[in-house]
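Just so we're on the same page, our numbering is the position in the sequence shown counted from 1, plus 342. Cβ atoms here follow ideal geometry from the backbone N, Cα and C, with glycine treated the same way. Just so we're clear, the structure is a prediction, and the values are computed from it rather than from any experiment.
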Amino acid sequence: MYNTTTTIIGVQHEGYTNGAVLFKQVYKDVPTAVRGGFMGGSTGSGALSRRSAVIATTGDSYAHSDRSWLLGAGMNSHAWGSRSGIINSLESKTTQGKYGQLILNSRGVLTEDNYVTVWGYNADSISKANTSVEIRSVSGNIKSKGTIQAGQNFGDYAEYFESQSGQEIPNGYIVTLDGRYIRKANSNDTPIGVISGTAGVVLGDQMFHHKDKYLKDEFGVTLTQLEKKEWHDDEGNWYEEEIEVPIPNPDFKENDEEEYLSRAERPEWNVVWTCGSSIYANRQHSGCE
């Protein structure tokens, strides 16, 4: 079948390895396909766009735009904007003309930006000011108005350093810098910290890509540039914004055949305690008092 707009309900198959081939895709069982706005397990709410969905939602709540949706929402919640949704929330709204918005476990929260995930609470009004936690997809920035706690017995801050030997240094050893690398400290060395396994905050990892993928200035700050993005909504209204994105390094050649490993996954990178309340040090074997 090559028509992806066909409605399919309650179709079963017997005697065939696969249930269906729809638009060149093989399905083990015949899928259920319902076109138009979808509403399931909901009352007093609706999916107003032909490509929207409302599930387990109540209380005058609506998904207005294509690819917008509500799940477990209620009390006058409204999802506007492409790829925008509201989950387990009351009295919350995404903004028309924006996209990539997600509200989770909240009440009274309003999003006004693209590629953003938020949590928050206020029972008196609907506002962006009610946000408690915000995660930005483009920058990777996380903002929280509350306390972030680490479940460790000790409250140390630590940083990744590369070992001179290229090997892992066991926890508790006092280390010193030797050029750009660390090694076990001797009695006449100046220590910079202790190898830690209980750090509450660990800095200096390169979790998702190589450190040279983007250009940096002389102080190690990633250089960025503004790119203009234009898009239009389901009503044909055009929008534009400038997004700050990192500048690719033209001299960096990515190896597609080699899987990138973060520093946490490589033995030569060690977590070194540099600041905090307390840390266990293996004085006997480090040779440093």
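Exercise for review: Give the secondary structure of residue 435 by DSSP, where H, G and I count as helix, E and B as strand, and everything else as coil.
Suggested key: strand
**Study point:** residue 612: first and last residue of the uninterrupted beta strand (DSSP E) it sits in
**Key:** 611 to 617
**Study point:** Spatial neighbours of residue 465 in its chain, beta-carbon cut-off 7 angstroms, leaving aside the 5 residues before and after
**Key:** 449, 450
Review point. When the Cα atoms are used, what is the spatial distance from residue 629 to residue 532?
Key: Residue placement at residue 629 cannot be trusted, given a pLDDT of 47 that sits under 50; what the coordinates show is reported in the next sentence. In a straight line, the C-alpha of residue 629 is about 12 angstroms away from that of residue 532.
Exercise for review: May I have the straight-line CA-CA distance separating residue 611 from residue 424, to the nearest angstrom?
Suggested key: 42 angstroms
Check your understanding: Under a three-way DSSP split, which group does residue 571 fall into?
Key -> Reduced to three states, the DSSP call for residue 571 is strand.
Practice item. Go to residue 468, then tell me how far its beta strand (DSSP E) extends in each direction, as first and last residue. Key: Per DSSP, residue 468 belongs to no beta strand (DSSP E) and is neither H nor E.
Exercise for review: Rank 401, 600, 402, 420 by C-alpha distance to the C-alpha of residue 410 and give the top, closest one.
Suggested key: 420
Check your understanding: Is the CB-CB distance between residue 460 and residue 484 below 8 angstroms?
Key -> Here residue 460 is not near residue 484, since their CB atoms are 8 angstroms or more apart.
**Study point:** Contact the region 387 to 395 vs the region 363 to 379: 3+ CB pairs below 8 angstroms
**Key:** yes
Review point. Tell me, which residues are paired with residue 632 by DSSP?
Key: What is shown of the chain runs 343 to 631, which leaves residue 632 out entirely.
Point to revise | Span separating the alpha-carbon of residue 537 from that of residue 609 | key: The alpha-carbon atoms of residue 537 and residue 609 are separated by roughly 13 angstroms.
Check your understanding: Quick one: what's got a C-beta closer than 6 angstroms to residue 413's C-beta in the same chain, skipping five residues either side?
Key -> 397, 429
Review point. Exposed or buried, which one is residue 354 when buried takes at least 16 other CB atoms within 10 Å?
Key: exposed
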